[in-house]
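Worksheet: one structure, shown below.
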Amino acid sequence: MHIDAWLETIPPLLVYLTVGVVIGAESLGIPLPGEIVLVSAALLASHPDGLNPWLIGAIASGGAIAGDSIGYLIGRKGGRRLFDWAGRKFPKHFGPAHVAAAERLFRKRGVWAVFFGRFVAILRILCGPLAGSLHMHYPRFLLANALGGIVWAGGTTALVYSLGVVAEKWLSRFSYVALAVAVVVGVVVSLVLKKRMGRRHEETRSGSAPAER
Numbered sequence: 001m002h003i004d005a006w007l008e009t010i011p012p013l014l015v016y017l018t019v020g021v022v023i024g025a026e027s028l029g030i031p032l033p034g035e036i037v038l039v040s041a042a043l044l045a046s047h048p049d050g051l052n053p054w055l056i057g058a059i060a061s062g063g064a065i066a067g068d069s070i071g072y073l074i075g076r077k078g079g080r081r082l083f084d085w086a087g088r089k090f091p092k093h094f095g096p097a098h099v100a101a102a103e104r105l106f107r108k109r110g111v112w113a114v115f116f117g118r119f120v121a122i123l124r125i126l127c128g129p130l131a132g133s134l135h136m137h138y139p140r141f142l143l144a145n146a147l148g149g150i151v152w153a154g155g156t157t158a159l160v161y162s163l164g165v166v167a168e169k170w171l172s173r174f175s176y177v178a179l180a181v182a183v184v185v186g187v188v189v190s191l192v193l194k195k196r197m198g199r200r201h202e203e204t205r206s207g208s209a210p211a212e213r
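For the record, in the sequence shown the residue sitting at position 170 is 170 according to full-length UniProt numbering, with numbers rising by one throughout.
Okay, structure coming up:
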């Protein structure tokens with residue numbers, strides 16, 4: 001079952017809680033599909049009588065900020081031992097190459113890496129713990145983290161919700177449009193095939209006819 005289909009089966013309050021918990025857990029360093037959950041919830045909000053997109057964006061932003069802050073504290077306490085353990089448990093997300101590349105980026109870009117890291121899946125998981133392990137100044141981290149979380153969560157929700165509303169209106173007329181298009185395409189394809197088959201038939205007949213003397 002896809003995540004969007006699963007979300008449709010649970011009450012709205014639990015959908016809101018799921019968005020906040022999953023995004024928060026992903027932000028503190030647990031590899032969960034936070035972006036997929038957010039997009040699915042925003043699509044559900046675009047349906048008639050659906051979820052509140054403002055509430056989804058606010059909860060997602062709060063989960064992202066809180067999760068990154070907890071991840072920062074965990075990274076500050078655990079440091080390198082934390083990443084060594086995570087690398088053994090989740091080598092696809094916390095392997096030595098991933099951590100080394102993220103460290104280079106954080107040392108070079110600082111708060112900008114925190115802000116833009118929210119938009120990159122692997123950095124979204126590493127951002128909080130890595131900033132903590134590198135002892136980044138927490139107020140600077142919090143500012144970049146909050147701005148990145150709000151822009152990412154709010155922007156993603158607004159974009160997906162808007163596209164979903166447009167698609168919903170378009171799909172409501174799709175049956176009639178599809179029927180008309182199917183008829184036109186069917187007629188055109190039939191005429192083209194009939195013409196080509198007739199041409200090939202004439203070429204076959206002319207090619208097989210005996211040469212005149």
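C-beta atoms are modelled at their ideal positions from N, C-alpha and C, and glycine is treated no differently.
Reduced DSSP category for residue i - H, G, I as helix; E, B as strand; rest coil
i: Asp145; result: Here residue 145 turns out to be Asn, not Asp, going by the sequence shown. Correct three-state label for Asn145: helix.
i: Gly29; result: coil
i: Arg76; result: helix
i: Thr18; result: helix
i: Ile36; result: helix
i: Pro53; result: helix
i: Gly110; result: coil
i: Val120; result: coil
i: Leu134; result: coil
i: Ile70; result: helix
i: Pro139; result: helix
Nearest-angstrom Cβ-Cβ length linking residue i and residue j, presumed shorter than 8 Å
i: Tyr161; j: Pro11; result: Actually they are not in contact, since the Cβ atoms of Tyr161 and Pro11 sit about 20 Å apart, beyond 8 Å.
i: Gly117; j: Gly71; result: Actually they are not in contact, since the Cβ atoms of Gly117 and Gly71 sit about 11 Å apart, beyond 8 Å.
i: Leu17; j: Ser69; result: So it is not a contact: roughly 19 Å between Cβ atoms.
i: Val111; j: Arg140; result: 5 Å
i: Gly75; j: Ser133; result: 4 Å
i: Leu126; j: Ala144; result: The Cβ separation is near 14 Å, so there is no contact.
i: residue 215; j: Ala25; result: One cannot answer for residue 215 here, as it falls past the ends of the chain, which runs 1 to 213.
Buried or exposed by the 16-neighbour rule on C-beta atoms within 10 Å, applied to residue i
i: Leu13; result: exposed
i: Thr9; result: exposed
i: Arg81; result: exposed
i: Arg124; result: buried
i: Pro129; result: buried
Cβ shell of residue i (< 6 Å), same chain only, five flanking positions each side left out
i: Ile23; result: Gly34, Ala60, Gly63, Ala64
i: Val183; result: In this prediction, Val183 has a pLDDT of 48, which is less than 50 and means its spatial position is unreliable; what the coordinates show is noted afterwards. Contacts found: none.
i: Ala113; result: Leu105, Phe106
i: Gly57; result: Ala153, Gly154, Thr157
i: Leu32; result: Val22, Ala25, Glu26
Close Cβ partners of residue i (< 7 Å) along its chain, the five nearest in sequence each way excluded
i: Leu38; result: Val19, Ile23, Ala60, Ala153, Thr156, Thr157
i: Ile150; result: Ser61
Close-in-space but distant-in-sequence residues of the same chain around residue i (CB under 8 Å, 5 per side omitted)
i: Leu51; result: Pro12, Val15, Tyr16, Ala41, Leu44, Ala45
i: Leu147; result: Phe115
Distance cut-off 7 Å: residue i Cβ against heavy atoms of the ligand PLP
i: Gly155; result: This structure does not include the ligand PLP; it has no bound ligands of any sort.
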